[in-house]
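Undergrad:
There are 2 protein chains.
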Amino acid sequence: MKTLIVHAHPEPKSLNSSLKDLAVSTLEGAGHQVRVSDLYAMNWKAVVDAADYGPDASSPLRVARDSGRAFEAGTLTPDVRAEQQKLLWADTVILQFPLWWYAMPAILKGWVDRVFTHHFGYGVGEHSDTRYGERYGEGTLAGRRALLSVTAGGPAAHYAARGINGPIDDLLFPIHHGILYYPGLEVLPPFVLYGTDRMTEDDYPAVAEAWQQRLLTLESTEPIAFRRQNFGDYEIPSLHLKEGLEPAGRTGFGLHLLG
Amino acid sequence: MKTLIVHAHPEPKSLNSSLKDLAVSTLEGAGHQVRVSDLYAMNWKAVVDAADYGPDASSPLRVARDSGRAFEAGTLTPDVRAEQQKLLWADTVILQFPLWWYAMPAILKGWVDRVFTHHFGYGVGEHSDTRYGERYGEGTLAGRRALLSVTAGGPAAHYAARGINGPIDDLLFPIHHGILYYPGLEVLPPFVLYGTDRMTEDDYPAVAEAWQQRLLTLESTEPIAFRRQNFGDYEIPSLHLKEGLEPAGRTGFGLHLLG
Numbered sequence: 001m002k003t004l005i006v007h008a009h010p011e012p013k014s015l016n017s018s019l020k021d022l023a024v025s026t027l028e029g030a031g032h033q034v035r036v037s038d039l040y041a042m043n044w045k046a047v048v049d050a051a052d053y054g055p056d057a058s059s060p061l062r063v064a065r066d067s068g069r070a071f072e073a074g075t076l077t078p079d080v081r082a083e084q085q086k087l088l089w090a091d092t093v094i095l096q097f098p099l100w101w102y103a104m105p106a107i108l109k110g111w112v113d114r115v116f117t118h119h120f121g122y123g124v125g126e127h128s129d130t131r132y133g134e135r136y137g138e139g140t141l142a143g144r145r146a147l148l149s150v151t152a153g154g155p156a157a158h159y160a161a162r163g164i165n166g167p168i169d170d171l172l173f174p175i176h177h178g179i180l181y182y183p184g185l186e187v188l189p190p191f192v193l194y195g196t197d198r199m200t201e202d203d204y205p206a207v208a209e210a211w212q213q214r215l216l217t218l219e220s221t222e223p224i225a226f227r228r229q230n231f232g233d234y235e236i237p238s239l240h241l242k243e244g245l246e247p248a249g250r251t252g253f254g255l256h257l258l259g
Numbered sequence: 260m261k262t263l264i265v266h267a268h269p270e271p272k273s274l275n276s277s278l279k280d281l282a283v284s285t286l287e288g289a290g291h292q293v294r295v296s297d298l299y300a301m302n303w304k305a306v307v308d309a310a311d312y313g314p315d316a317s318s319p320l321r322v323a324r325d326s327g328r329a330f331e332a333g334t335l336t337p338d339v340r341a342e343q344q345k346l347l348w349a350d351t352v353i354l355q356f357p358l359w360w361y362a363m364p365a366i367l368k369g370w371v372d373r374v375f376t377h378h379f380g381y382g383v384g385e386h387s388d389t390r391y392g393e394r395y396g397e398g399t400l401a402g403r404r405a406l407l408s409v410t411a412g413g414p415a416a417h418y419a420a421r422g423i424n425g426p427i428d429d430l431l432f433p434i435h436h437g438i439l440y441y442p443g444l445e446v447l448p449p450f451v452l453y454g455t456d457r458m459t460e461d462d463y464p465a466v467a468e469a470w471q472q473r474l475l476t477l478e479s480t481e482p483i484a485f486r487r488q489n490f491g492d493y494e495i496p497s498l499h500l501k502e503g504l505e506p507a508g509r510t511g512f513g514l515h516l517l518g
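Chains as they are written, first to last, in this note's numbering: chain A, 1 to 259; chain B, 260 to 518.
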């Protein structure tokens with residue numbers, strides 16, 4: 001495998017950083033190639049602005065159009081171009097982060113906002129009566145796989161089906177489906193650690209073993225079975241799921257899973 | 260009303276900025292007080308790091324604990340303290356932003372990550388057999404109201420109940436419930452504009468009229484009926500919704516709504 005790890009925690013001695021380091025050593029030890037984008041260590045610029053698009057920034061700025069023009073012209077900033085190249089190099093992408101306010105830390109959201117430009121992350125492919133661009137299962141990153149490795153401060157019960165925070169699969173759906181599957185990545189079931197606010201060093205060996213087990217079985221892990229957009233399940237152009245495809249009673253985000 | 264508008268778009272001539280300007284003039288014209296945190300204009304620091312906690316940053320950094328200590332000691336950075344003061348001043352909070360990758364732009368997520376510190380945004384109140392801290396309907400910001408004003412590039416159909424992006428209410432749930440309701444804000448139904456990628460200036464008068472209508476009726480708008488945590492609907496400490504409280508067949512995020 002060729003794995004890109006995108007890491008988003010400010011403290012090198014944190015649990016998140018330990019999990020990142022363990023992923024590097026475990027994958028390299030198994031003969032895989034690994035590259036790391038340690039966003040804090042890189043002092044990653046988190047914020048989209050006109051400076052991202054160089055001479056292709058218009059005034060007034062139009063983020064989607066200008067980012068696509070700069071992508072096509074090769075005038076995106078070097079930091080963004082480097083990340084796009086890493087994504088094209090990789091066959092597996094791991095995002096390592098703490099769940100802050102039920103979402104990515106800002107620095108990682110800024111990696112998505114800046115790297116997934118028009119014509120790279122979205123606005124790819126043609127529209128017709130049977131296709132609505134290349135997205136949700138097709139796109140620039142098709143043929144690659146992605147995995148979230150996430151730490152959550154609160155206990156697992158709060159993220160269960162009836163838990164007050166909402167089910168973890170639903171909380172992660174906007175990332176899994178909306179960010180990763182959208183440009184074509186297949187998404188593996190996430191590695192989630194709960195209750196990390198109360199974890200101690202004594203808990204780490206079991207955590208490390210579980211994480212290594214996931215890392216060493218990535219190639220045989222089945223991705224989440226999201227429905228592909230352009231293969232008959234959706235009306236075009238409304239992109240409503242066709243009636244009757246879902247199991248009885250299923251609603252919400254779960255509609256977009258097969259079977 | 261005393262309204263705080265937190266605005267997150269890099270272009271002063273954008274639709275988002277026009278909606279922010281219109282909110283200021285409309286609310287002030289109706290005799291209300293308004294303050295604006297224009298995050299791009301303020302060059303808002305988006306990224307949590309040790310510098311946020313001054314002398315209370317420990318090594319290794321522990322974000323939750325250190326942010327709480329700095330909050331208690333009054334040693335948070337002036338930019339963060341100013342935002343906390345604005346939130347305490349306001350009775351109504353409007354977040355104005357484009358939906359980028361089904362979530363907030365990084366600069367706004369960084370406002371949440373940095374301003375909603377431990378002992379301000381979370382880690383408030385005592386735990387007992389009948390209470391699990393003050394959150395989800397109680398907390399520092401209780402008694403205030405919040406509203407998202409969001410632009411989405413794609414068409415409304417894609418965000419409908421069967422739409423491929425997922426239902427808008429579910430996509431916004433992590434913000435509505437997990438970020439706003441958590442520290443006590445009551446959340447009004449969002450103002451969402453769809454299809455903004457294809458909007459032209461000709462569309463603006465109708466948009467402006469709809470937005471003004473929402474702004475001038477904020478005080479009489481009913482908030483989303485999220486269930487309060489500590490008032491009998493949830494088991495303590497699992498925080499599972501008690502069996503049988505939901506309408507038949509309801510699952511997922513919708514469990515946490517009354518009736």
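From the three backbone atoms N, C-alpha and C, an ideal C-beta is built for every residue, glycine too.
#1: Between which two residues does the alpha helix (DSSP H) carrying GLN212/A extend?
#2: Determine, for ARG457/B, whether the minimum Cβ-Cβ distance to residues of chain A falls below 8 Å.
#3: Would you say the stretch 414-423 of chain B touches the stretch 239-253 of chain A, given that touching needs at least three Cβ pairs under 8 Å?
#4: Could you check the C-alpha separation between LEU257/A and TYR122/A for me, to the nearest Å?
#5: Could you name the residues of the stretch 44-57 of chain A whose beta carbon sits closer than 7 Å to any beta carbon of chain B, in the order they occur along the chain?
#6: For the beta strand (DSSP E) containing SER276/B, list its first residue and its last residue.
#7: Consider the Cβ of TRP101/A: report whether some Cβ of chain B lies at a distance smaller than 8 Å.
#8: Can you name, in chain order, every residue of its own chain whose Cβ lies under 6 Å from the Cβ of THR117/A, other than the five neighbours on each side?
#9: Using a C-beta cutoff of 8 Å, does TYR493/B count as contacting chain D?
#10: Closer than 7 Å by beta-carbon distance: list the chain B residues that pair up with ALA160/A, in chain order.
#11: Can you pull the chain A residues whose beta carbon is under 9 Å from the beta carbon of LYS272/B, in chain order?
#12: Which one or two residues does DSSP pair with ARG294/B in a beta bridge?
#13: Which of the three DSSP states, helix, strand or coil, is assigned to TYR312/B?
#14: From the DSSP output, read off the bridge partner residues of LEU500/B.
#15: Are the stretch 106-114 of chain A and the stretch 32-51 of chain A touching, with three or more C-beta to C-beta distances below 8 Å?
#16: Hey, does ASP280/B have any beta-carbon neighbour from chain A nearer than 8 Å?
#17: Assuming HIS7/A and GLN96/A form a contact by the criterion Cβ under 8 Å, report the distance between their Cβ atoms to the nearest whole angstrom.
#18: Checking the sheet assignment: what are the DSSP bridge partners for TYR381/B?
#19: Using a Cβ-Cβ cut-off of less than 9 Å, give me the residues of the stretch 176-189 of chain A that come near chain B, in sequence order.
#20: Closest to THR519/B by CA distance: which of TRP359/B, GLU270/B, VAL446/B is it?
#21: Closer than 7 Å by C-beta to GLY153/A: which residues in its own chain qualify, once you throw out the five before and the five after it? Chain order, please.
#22: Give the DSSP bridge partners of ALA405/B, in chain order.
#23: Do GLU186/A and ARG145/A have their C-beta atoms within less than 8 Å of each other?
#24: Exposed or buried, TRP348/B, counting other C-beta atoms within 10 Å across all chains shown (16 or more means buried)?
#25: So which residues of chain B does LYS274/A contact, with C-beta pairs closer than 9 Å?
#26: Give the residues of chain B in contact with ALA157/A, contact being defined as C-beta atoms less than 7 Å apart.
#27: Taking the alpha-carbon of LEU407/B as reference, which of TYR463/B, LEU278/B, ASP462/B has the nearest alpha-carbon?
#28: Which residues mark the beginning and the end of the alpha helix (DSSP H) in which LEU64/A is found?
TA: Taking the definition as stated:
#1: Boundaries of the alpha helix (DSSP H) harbouring GLN212/A: 204-216, taken from the DSSP string.
#2: no
#3: yes
#4: Computed Cα separation, rounded: 21 Å.
#5: ALA46, VAL47, VAL48, ASP49, ALA50
#6: Unbroken run through SER276/B is the alpha helix (DSSP H), 274-288; no beta strand (DSSP E).
#7: yes
#8: SER67, PHE71
#9: Checking the listed chains, one finds no chain D in this structure; the protein chains it contains are A and B.
#10: HIS499
#11: SER59, PRO60, LEU61
#12: LEU263/B
#13: helix
#14: TYR493/B
#15: Put simply, the stretch 106-114 of chain A touches the stretch 32-51 of chain A. At least three CB pairs are less than 8 Å apart.
#16: no
#17: 5 Å
#18: HIS377/B
#19: HIS177, GLY178, ILE179, TYR182
#20: There is no way to answer for residue 519/B, as the model of chain B reaches only from 260 to 518.
#21: THR196, ASP197
#22: VAL352/B, VAL446/B
#23: yes
#24: exposed
#25: Since the displayed chain A opens at 1 and closes at 259, residue 274/A lies outside it and no answer follows.
#26: SER497, LEU498, HIS499
#27: Relative to the Cα of LEU407/B, the nearest Cα in the group TYR463/B, LEU278/B, ASP462/B belongs to LEU278/B.
#28: The question names Leu, but residue 64/A is Ala in the sequence shown. Note, ALA64/A: alpha helix (DSSP H), 63-73.
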